[in-house]
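Student: Please see the structure below; I have some questions.
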Amino acid sequence: MIISVASGKGGTGKTLVATSLAVSLKDKCSLQLVDCDVEEPNDHLFLKPVIDKKEPVAIPVPKIDETKCTFCGKCAEVCAYNAIAVLPKNVLVLPNLCHGCGACSYLCPEKAITEEDMIIGVVESGHAGNIDFIQGRLNTGEAMPVPVIRKVKEKVSPDKTVIIDISPGTSCPVVESVKGSDFCLLVTEPTPFGLNDLTLAVETVRKLGILCGVVINRAGDNQGKMEAYCREQNIPVLMTIPLDTEIARLYSRGITLAEGMPRWQEKFESLFRHIKELVDERSSSLKR
Ligand code: SF4
Ligand code: SF4
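Be aware that the sequence shown starts at 19, since it is given in my numbering, and climbs by one per residue.
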């Protein structure tokens, strides 16, 4: 079963939930924690894994042979990302805009374009105790997280319980990371911004046909609107984490809730059981 942990906005406590869930389940099942938040992977700060493999991620970018080029401009016309500019006597390639789609080299009438690999990030694998740990890292200054996310997801073992930590927001990297999940846990906070971003996140996961549930973090007596929204939308609120300075202190020291406050371990186990019931219910209703 693949469970994604996502949030409509950054700073809601998504990493705390993903890592606490992983630590709570590590002795109960064969588990993989996958950090797809490749622009800012943080799960390693909580799990402190031993990394034993690093694999670079590259995309093919065009290289122009100006001795063959007639400066016809076709490569610039076909590039949807404005990564090529054809000038009267030379061709400029802007590698940071290139998506490595190969259209320019395919369509160049003079076969003047070859491709060379440009490394944009790395996939790191290892383990934290008996948790299989995978994370992607996009190199600083690179603008293309999706190829790194795809490489990370090639490592997902569907025969295990997989927890995927997803980048915040609702853009392409989120869609790429969340697709294929059996369940998406949306972590939010009870503020007007939190509610607005949760609404967008719910729309995205529903378009992908993925079941979802909510964790309200930093809850006090102000989550009425959030709960009312979830009720209206028929989305279960599966856990509420209170606004608590001790929890904030643990977070700032890179300690999961399950380790820093062991009573939370049972709550995360129960969260997992609840998710499993919802996923099982859905698969049996699809079989009927
Ligand atoms: S399509 Fe080929 S020949 Fe035309 S400008 Fe681009 S590189 Fe040169
Ligand atoms: S490979 Fe695709 S994105 Fe990159 S320059 Fe060529 S057409 Fe543009």
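A virtual CB, placed ideally from N, CA and C, is assigned to each residue, including glycine.
Kindly indicate which residue of Val-233, Gly-272, Val-96 and Ala-76 has the alpha-carbon position closest to the one of Phe-286.
Tutor: Of the candidates Val-233, Gly-272, Val-96 and Ala-76, the one whose C-alpha sits nearest the C-alpha of Phe-286 is Val-233.
Student: Measure the beta-carbon distance from Ala-24 to Ile-184 and round it to whole angstroms, keeping in mind my assumption that it falls under 8 angstroms.
Tutor: Confirmed, about 4 angstroms.
Student: Out of Thr-88, Gly-28 and Gln-283, which one is the CA nearest neighbour of Val-41?
Tutor: Considering only alpha carbons, the answer is Gln-283.
Student: Tell me whether Ala-130 sits in a helix, a strand or coil according to DSSP, three-state version.
Tutor: Ala-130 falls in the coil class under three-state DSSP.
Student: In angstroms with no decimal places, state the Cα-to-Cα distance between Val-170 and Ala-237.
Tutor: Approximately 33 angstroms, taken between the alpha carbons.
Student: In whole angstroms, what separates the C-alpha of Leu-226 from that of Thr-37?
Tutor: The straight-line gap from Cα to Cα measures roughly 24 angstroms.
Student: Would you kindly report the start and end of the unbroken beta strand (DSSP E) that includes Arg-155?
Tutor: Here the beta strand (DSSP E) through Arg-155 covers 149 to 156.
Student: Classify Leu-275 as helix, strand or coil using the three-state DSSP reduction.
Tutor: Residue state, collapsed to three classes: helix.
Student: Please report the Cβ distance between Ile-137 and Pro-74, rounded to the nearest whole angstrom; I am assuming they are in contact, meaning their Cβ atoms lie under 8 angstroms.
Tutor: Sure, about 5 angstroms apart at Cβ, within 8 angstroms.
Student: Thr-65: which of Leu-304, Val-35, Gly-118 and Ser-302 sits nearest, CA to CA?
Tutor: One detail in the question is off: residue 65 reads as Leu in this sequence, not Thr. With distances taken between Cα atoms, Leu-65 lies closest to Val-35.
Student: Going residue by residue through the stretch 185 to 270, where are the continuous beta strand (DSSP E) segments of at least 3 residues, counting only ones entirely within it?
Tutor: Fully enclosed beta strand (DSSP E) runs of 3 or longer: 201 to 206, 229 to 237 and 255 to 260.
Student: Could you check how far apart the C-beta atoms of Ile-167 and Glu-194 are, in whole angstroms? I think they sit under 8 angstroms.
Tutor: So it is a contact: roughly 5 angstroms between Cβ atoms.
Student: Measure the C-alpha to C-alpha separation of Glu-295 and Tyr-124 and round it to an integer number of angstroms.
Tutor: Spanning the two alpha carbons is a distance of roughly 49 angstroms.
Student: Thr-188 to Arg-267, Cα distance in whole Å?
Tutor: Spanning the two alpha carbons is a distance of roughly 29 angstroms.
Student: Measuring only from the beta carbon, is His-292 closer than 7 angstroms to any heavy atom that is part of ligand 2?
Tutor: False, no ligand heavy atom lies under 7 angstroms from that Cβ.
Student: At which residues does the beta strand (DSSP E) containing Thr-179 begin and terminate?
Tutor: 179 to 183 is the extent of the beta strand (DSSP E) around Thr-179.
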